[in-house]
């Protein structure tokens, strides 16, 4: 074997090793679930935990606001859309993908589609409730008055089927 | 009996002293030469240069491994590295073993720029493999995994190659300066 061939074999072996490392890491990343810090709101995609966030994480997102029709108050917060896209690739979300936002303590939940969440005119967003928890508000008909808002949100489930 | 042991030795006492000095130099360089670069594996630029120079000065199979092993023991006892003594010892040792393996396959010509670069890259990448494998096995957090694995791999390869280049150029300079003739007289 010539010197040149040996060098090429060595370089090839290096590339293969690097590829093996990256492949194993990709496999590990796809099979392991993220670790959430205490108090996080978990996000499940098709039953699998894909991420989570604490209310303070939202402050890194662009703030938006609208005036609610019921009380004429300004609701200020962060779009659910922007938050979801931090944890889920947009390609995994279809217009008819169902998103279930739940508050276990209040026994309330609302199901909305990705098309509704993705439409900025619907203002599907989180706002801070008085005690620092998050409430989901919107101008959507089934989420536009206080009784319909989901206060103390503690789980988000995304279902594609 | 005395001459028998002297002839049976693979490395002479003089060579062992030289290799121990190179091993110490690696550890000292690791402590003292901290470059203000936020790039993973950048220490390989001087680390691998020293290993390649050692291989050129003592041209025997196993030279790099012995330097790696000795520097690994020293570094482990000095508490270098952030993942424990075993990780430090293994990663330093594997730098030498990886370099030796490639030099054995390519022919022991560390003054050849390409061979030196390939051998040093392989040696430095062996260190990365040890750190990564230990992290995967023990679950210990490693900085480069958190930052970006691809960036870390590229860093280790590039700085390993640069270290090899620097080592080969140093060997050429030493030859021009007559260091090897001086060394032959000392033997």
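Protein chains in written order, with the working numbering: chain A, 202 to 362; chain B, 218 to 404. Don't be surprised by glycine CBs; every beta carbon is placed ideally from N, CA and C. Because the structure is a prediction, the values reported are computed rather than measured.
Which residues does DSSP pair with residue i in a beta bridge?
i	result
residue 312 of chain A	A:301
residue 329 of chain A	A:335
residue 266 of chain A	A:277
residue 393 of chain B	Answer is none; residue 393 of chain B lacks a bridge partner.
residue 357 of chain A	A:244, A:302
residue 351 of chain A	A:337
residue 254 of chain A	A:242
Taking residue i as the query, report the chain A residues whose CB atoms sit under 9 Å from its CB, ordered along the chain.
i	result
residue 312 of chain B	None at all; the shortest Cβ gap to chain A is about 14 Å.
Can you find a CB in chain B that lies within less than 8 Å of the CB of residue i?
i	result
residue 396 of chain A	Because chain A in this structure spans residues 202 to 362, residue 396 of chain A falls outside the shown range and cannot be described.
residue 212 of chain A	yes
residue 237 of chain A	no
residue 226 of chain A	yes
residue 287 of chain A	no
residue 215 of chain A	yes
residue 276 of chain A	no
residue 204 of chain A	yes
What residues of chain A sit near residue i, judged by a beta carbon separation below 8 Å?
i	result
residue 347 of chain B	Ordered by position in chain A, no residue passes the 8 Å Cβ test against residue 347 of chain B, which lies about 12 Å from the chain.
residue 370 of chain B	219, 222, 223
List, in chain order, every chain B residue whose beta-carbon is nearer than 8 Å to that of residue i.
i	result
residue 208 of chain A	323, 331, 332, 335
residue 195 of chain A	There is simply no residue 195 of chain A to check, as chain A begins at 202 and stops at 362 in what is shown.
residue 352 of chain A	Within 8 Å Cβ-Cβ: nothing; residue 352 of chain A doesn't reach chain B, min ~35 Å.
So that I know if they touch, is there some Cβ in chain A lying closer than 8 Å to that of residue i?
i	result
residue 338 of chain B	yes
residue 220 of chain B	Caution is warranted here: a pLDDT of 47 is assigned to residue 220 of chain B, below 50, making its placement in the model unreliable, and no coordinate value can be reported.
residue 284 of chain B	no
residue 319 of chain B	yes
residue 366 of chain B	yes
residue 316 of chain B	no
Can you determine whether any heavy atom of the ligand COA sits closer than 7 Å to the C-beta of residue i, and answer yes or no?
i	result
residue 397 of chain B	The ligand COA is absent from the structure shown, which contains no ligands of any kind.
Which residues in chain B have a C-beta closer than 7 Å to the C-beta of residue i? List them in chain order.
i	result
residue 338 of chain A	Within 7 Å Cβ-Cβ: nothing; residue 338 of chain A doesn't reach chain B, min ~36 Å.
Discussion item. Check whether the region 341–359 of chain B and the region 305–314 of chain B touch, using three or more Cβ-Cβ pairs below 8 Å as the test.
Written reply: yes
Discussion item. I want to know whether the region 264–277 of chain B touches the region 234–250 of chain B - three or more CB-CB distances under 8 Å.
Written reply: yes
Discussion item. With three or more beta-carbon pairs closer than 8 Å as the criterion, would you say the region 305–318 of chain A touches the region 253–273 of chain A?
Written reply: no
Worksheet item: Given 8 Å as the limit, is there contact between the region 376–392 of chain B and the region 245–252 of chain A, that is, 3 or more CB pairs closer than that?
Response: no
Worksheet entry | Whole runs of the beta strand (DSSP E) within the region 317–376 of chain B, excluding any shorter than 3 residues | none
Worksheet entry | Whole beta strand (DSSP E) elements within the region 226–252 of chain A, 3-residue minimum | 242–246
Item to complete: Report yes or no: do the region 257–266 of chain B and the region 296–305 of chain B share at least 3 C-beta pairs separated by less than 8 Å?
Response: no
Worksheet item: Is the region 294–304 of chain A touching the region 346–360 of chain A in the sense that three or more CB pairs, one from each, lie closer than 8 Å?
Response: yes
Discussion item. Whether or not the region 315–323 of chain B and the region 288–295 of chain B are in contact is what I'm after, with contact meaning three or more pairs of Cβ atoms, one per stretch, closer than 8 Å; do they touch?
Written reply: no
Worksheet item: Are at least three pairs of beta-carbons, each pair with one atom in the region 270–283 of chain A and one in the region 223–233 of chain B, less than 8 Å apart?
Response: no
Discussion item. Contact between the region 379–389 of chain B and the region 333–343 of chain B is defined here as three or more beta-carbon pairs at a separation below 8 Å; is this criterion met?
Written reply: yes
Worksheet item: Okay, do the region 338–357 of chain A and the region 223–243 of chain A touch, 3+ Cβ pairs below 8 Å being the bar?
Response: yes
Worksheet item: Okay, do the region 284–291 of chain A and the region 331–339 of chain A touch, 3+ Cβ pairs below 8 Å being the bar?
Response: no
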